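Here's the structure we're looking at; comments come further down.
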Amino acid sequence: MSDDTIRLVTIGRILRRRWRLLAIVAVLGALVGYGASVLFPPRYTASASVLLPGQWEERELLTQVDIATSSAVVDGAAAMLGWKGVSGGELRDQVSAQAADGNIIKISGTAGTPARAQQLSDRVAQQFVSFATRIAGGSTDPEAATGSEALRQKVAETNRRITDLANAADPGQTVEGVQARTELEKLRTSLQEAMKKLDEADPATNKAGMVVMGPAARPIGAAPPTRTQLVVAGALLFFLLAVIGHLVAARMNRRLRTEPEVAAALGSALLGTVDVPGEGRAHRPEGSGPRAWIRRLLGVDTRWDIPTPQRSGDEAGIRIRYRRVCARLRDQLPAPRRLLVVVPDGDEIARRAAGQLVTEAKGDPLLRVVEVSVDRPMVPDRDTESGALVVISAGSWTAEELAGIAEACADGRHEVVGIVVAGPVRARPKRTADRPPDEATLALAVRGPAAGGSV
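Numbering (the numbering used here), first residue to last: 1 to 455.
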């Protein structure tokens, strides 16, 4: 199986076994997003467009964008608005501009209400046009901005006067009349050429005359992030953090999962592995009180980082494993065979497996089960026991915790004679009446290898 498949299976297991916790965390994130929307009230953005006639290069358009958001333009707009307690410096953070296709500068203003956002963008657009016109005219004086247009009007009036003088000249073919009309036409031509050169030399001819393309539209919705967006973002963020937290915890988990690792940590031999039917009850620790109730409510009272238990064999097959462990103990220990069965406190799977071992042993060997705390392990002193048998479940304890149990056994003068690893399985339906009883199957299973090998 590839790494990607393993990751998908792991995430699916988290979603399936921790859906309650993830749902509660997502709701908490949504509440945090809602609280953020209350602390940061909604903002509204309106935009006004300014048309720049003529031919403009890209760098020139970028210059106009900078001019539109400059302090000179924004301060002038703030003076026109006259909002109490709002200065040009504060408005500069609420005004933006960008160059659009077709030589259009789009000026946007953001405010707390739709009406204020509309007013802000309109005033900034008007100030930008006025300021850019003064710059194009070569002066910061508003009267100088109209000088070029007055000059053109004067030239047009002079052309009309020349036409009137030419018409009033002697219509006859006298030399004086022809010369007068010729001089007037030369004067008209010289004047037109001079104005043409003036237009070519004056950058304001083609790049002045900016036009505001109508008032800004009043916004009907808040600018992002809206309250809905903050709520959804908070829920999604907390959900992802919870999933990532589970993955990190699984990555840092140091619990031993394989039988050789468990045997090495306890310093003894593995006598066998046994199955414990009933996944739900096996993995759900006992306990009562508010804390246990909250854990059950959140769904964190069961392990998520273990694979889904496989379906077990029939009841006879399960009991064969226990009887084989008992047979190995009888072959290994001299009579009288008495053992202390050590089970970590809280390991429900191991506790049920130890109880089943006691049942299947039938007094040979004589087993006494004790539960030992892994935090401060304490094993009863040796009495008549021949040693200790440790029963644990795989994937539940770290090497340090198992080493502490082994040291506690040594302090109580108990030699660890073997280890039994218990694993959960899903129970199959019970046998029907037409099948042979378990005792007959077990008898066949135990007697079969006796002729050809050990059990």
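Just so it is clear, CB atoms sit at the ideal spot from N, CA and C, and this is done for glycine as well.
Only a predicted model underlies this, so the values are computations on that prediction, with no experimental measurement involved.
{"Item": "Which term fits T163, buried or exposed, when burial requires 16 or more other beta carbons within 10 angstroms of its beta carbon?", "Value": "exposed"}
{"Item": "On a CA-only basis, which of I318, V300, P365 and I14 is nearest Q332? Give me that one, please.", "Value": "P365"}
{"Item": "Using a Cβ-Cβ cutoff of less than 6 Å, which residues in the same chain neighbour R507 once the five nearest sequence positions on both sides are dropped?", "Value": "The first residue shown for the chain is 1 and the last is 455, placing residue 507 beyond what the model contains."}
{"Item": "How many angstroms separate the CA atom of I419 from the CA atom of V231?", "Value": "53 Å"}
{"Item": "In three-state DSSP terms, what is T398?", "Value": "strand"}
{"Item": "Where do the ends of the alpha helix (DSSP H) carrying S37 lie?", "Value": "W19 to L39"}
{"Item": "Relative to the C-alpha of R18, which residue among L240, L62 and A97 is closest?", "Value": "L240"}
{"Item": "Just verifying my parser: in three-state terms, what is the DSSP assignment at S268?", "Value": "coil"}
{"Item": "Which residues in the same chain as T10 place their Cβ atom closer than 6 Å to its Cβ, once the five residues preceding and following it in sequence are excluded?", "Value": "none"}
{"Item": "Going by DSSP, what residue range makes up the beta strand (DSSP E) through I244?", "Value": "Element bounds for I244: not the beta strand (DSSP E) but the alpha helix (DSSP H), R227 to R251."}
{"Item": "Output the distance between the C-alpha atoms of K260 and W397, rounded to the nearest integer angstrom.", "Value": "The amino acid occupying residue 260 in the given sequence is Pro; Lys does not appear at that position. Rounded to the nearest angstrom, the two C-alpha atoms are 14 Å apart."}
{"Item": "To the nearest angstrom, how far is the alpha carbon of E57 from that of V74?", "Value": "24 Å"}
{"Item": "Assuming A386 contacts R338 (C-beta within less than 8 Å), just tell me the rounded distance between them.", "Value": "As written in the sequence, residue 386 is Ser, which differs from the Ala given in the question. Between R338 and S386 the Cβ distance is about 6 Å, and since that is below 8 Å, they are a contact."}
{"Item": "Could you check what DSSP says for K106 in three-state terms: helix, strand or coil?", "Value": "strand"}
{"Item": "Could you check the C-alpha separation between L15 and L357 for me, to the nearest Å?", "Value": "36 Å"}
{"Item": "Need the endpoints of the alpha helix (DSSP H) that V325 sits in, please.", "Value": "E315 to Q332"}
{"Item": "Could you name each continuous beta strand (DSSP E) segment of 3 residues or more that falls completely within the segment 348-429, going from the start of the chain to the end?", "Value": "366-372, 387-393 and 416-425"}
{"Item": "For T63 and S130, I'd like the C-alpha separation in whole angstroms.", "Value": "16 Å"}
{"Item": "Straight-line CA distance for V421 to A264?", "Value": "13 Å"}
{"Item": "By DSSP's criteria, R255 is part of a beta bridge. Which residues make up the other side?", "Value": "T398"}
{"Item": "Can you check DSSP and say which residues form a bridge with R43?", "Value": "A223"}
{"Item": "Ordered along the chain, which non-local residues of its own chain (more than five positions away) have a Cβ less than 6 Å from that of M80?", "Value": "R123"}
{"Item": "Roughly how many angstroms lie between the CA atoms of V390 and R368, to the nearest whole one?", "Value": "11 Å"}
{"Item": "Quick one: measure Cβ to Cβ for A48 and A125, integer angstroms, because I've assumed they're closer than 8 Å.", "Value": "4 Å"}
{"Item": "Please list the terminal residues of the continuous beta strand (DSSP E) segment that includes A97.", "Value": "V95 to A100"}
{"Item": "Run the CB neighbour count on G112, radius 10 Å, all protein chains shown included, and call it buried at 16 or more, exposed below.", "Value": "exposed"}
{"Item": "Are A233 and G33 closer than 8 Å when you measure CB to CB?", "Value": "yes"}
{"Item": "Under the rule that 16 or more other beta-carbon atoms within 10 Å means buried, what is M210, buried or exposed?", "Value": "buried"}
{"Item": "For the candidate residues A99, C326, R382 and L61, whose alpha-carbon lies nearest to that of D411?", "Value": "R382"}
{"Item": "Ordered along the chain, which non-local residues of its own chain (more than five positions away) have a Cβ less than 8 Å from that of P290?", "Value": "none"}
{"Item": "Where does A216 sit, in a helix, a strand or coil, going by DSSP?", "Value": "coil"}
{"Item": "For Y9, which beta-bridge partners are listed by DSSP?", "Value": "The sequence given here places Val at residue 9; Tyr does not occur at that position. Answer by DSSP bridge pairing: none, since V9 is not bridged."}
{"Item": "If you drop the 5 nearest sequence neighbours on each side, which residues of the same chain put their C-beta closer than 6 Å to that of P114?", "Value": "Y44, R218 and P219"}
{"Item": "Go through its chain and collect everything with a Cβ distance to A78's Cβ below 7 Å, but skip five positions before and after it.", "Value": "V86, S87, G88 and L91"}
{"Item": "Rounded to the nearest angstrom, what separates I67 and F128 at their Cα positions?", "Value": "7 Å"}
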